[in-house]
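In the numbering used here, the protein residues as written are 11 to 197.
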């Protein structure tokens with residue numbers, strides 16, 4: 011198959027899917043080798059990177075998806091009458107961070123780290139599509155484990171969890187005593 015036909019076939023599969031498609035599935039669907047897929051994806055990424063294109067190619071944990079460019083979101087929202095994005099509360103951001111860096115984890119783990127009941131926050135993040143069930147742990151009560159989703163990666167503009175910023179070393183972290191000391195000297 012010619013490169014232009016491969017590129018068109020990959021583009022068609024991604025467009026029709028509307029969801030992220032794993033590279034193995036793309037190879038299988040189009041009947042090509044991985045190196046041919048990578049070449050076609052590179053060409054598509056170049057094509058969509060031009061200013062006149064309203065589409066971009068997203069890479070999400072070895073899967074690929076076509077999406078509209080972020081700077082055109084206002085037009086999409088207006089056309090589809092989408093409500094304004096809801097802002098995540100500090101509690102939701104805390105819980106999401108705990109799951110992202112430690113997944114898969116249970117609600118109990120999130121609650122232990124946060125020190126407060128987190129059932130509502132975790133359920134809200136599942137409803138928003140940022141967290142999903144990752145199965146049940148082999149522990150008493152068989153608690154549900156949670157993990158982040160591809161939607162989480164997309165919302166935070168990450169290709170994979172490897173793109174998360176590193177957690178600072180304990181020596182780099184500020185302590186409550188240091189904050190209190192700073193506040194006392196300012197007064």
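The beta-carbon is built from N, C-alpha and C at its ideal position, and this holds for glycine as well.
For residue i, three-class secondary structure by DSSP
i           : result
residue 62  : coil
residue 164 : helix
residue 124 : helix
residue 75  : strand
residue 43  : coil
residue 149 : coil
residue 67  : strand
Cα-Cα separation, residue i to residue j
i           : j           : result
residue 67  : residue 56  : 9 Å
residue 132 : residue 64  : 34 Å
residue 107 : residue 12  : 45 Å
residue 79  : residue 167 : 12 Å
residue 58  : residue 162 : 23 Å
residue 83  : residue 159 : 21 Å
residue 124 : residue 112 : 13 Å
residue 41  : residue 14  : 14 Å
residue 46  : residue 30  : 19 Å
residue 172 : residue 34  : 20 Å
residue 86  : residue 151 : 45 Å
residue 18  : residue 100 : 43 Å
Whether residue i touches residue j by CB criterion (8 Å)
i           : j           : result
residue 24  : residue 76  : yes
residue 164 : residue 70  : yes
residue 43  : residue 16  : no
residue 109 : residue 54  : no
residue 114 : residue 144 : yes
Spatial neighbours of residue i in its chain, beta-carbon cut-off 7 Å, leaving aside the 5 residues before and after
i           : result
residue 28  : none
residue 32  : 72 and 73
residue 135 : 102, 105, 106 and 141
residue 120 : 105, 108, 109, 128 and 132
Start-to-end residues for the alpha helix (DSSP H) that takes in residue i
i           : result
residue 33  : 33–40
residue 107 : 100–112
residue 16  : 13–27
residue 82  : Counting along the chain, residue 82 falls outside any alpha helix (DSSP H), and DSSP gives it neither H nor E.
residue 137 : 129–137
Cut-off 8 Å between Cβ atoms - residues of its own chain near residue i, not counting five sequence neighbours on either side
i           : result
residue 117 : 128, 129, 132, 153, 154 and 156
Boundaries (first-last residue) of the beta strand (DSSP E) holding residue i
i           : result
residue 141 : 141–146
residue 154 : 154–158
Cutoff 6 Å; reference residue i; Cβ partners in own chain excluding five residues on either side
i           : result
residue 147 : 153 and 155
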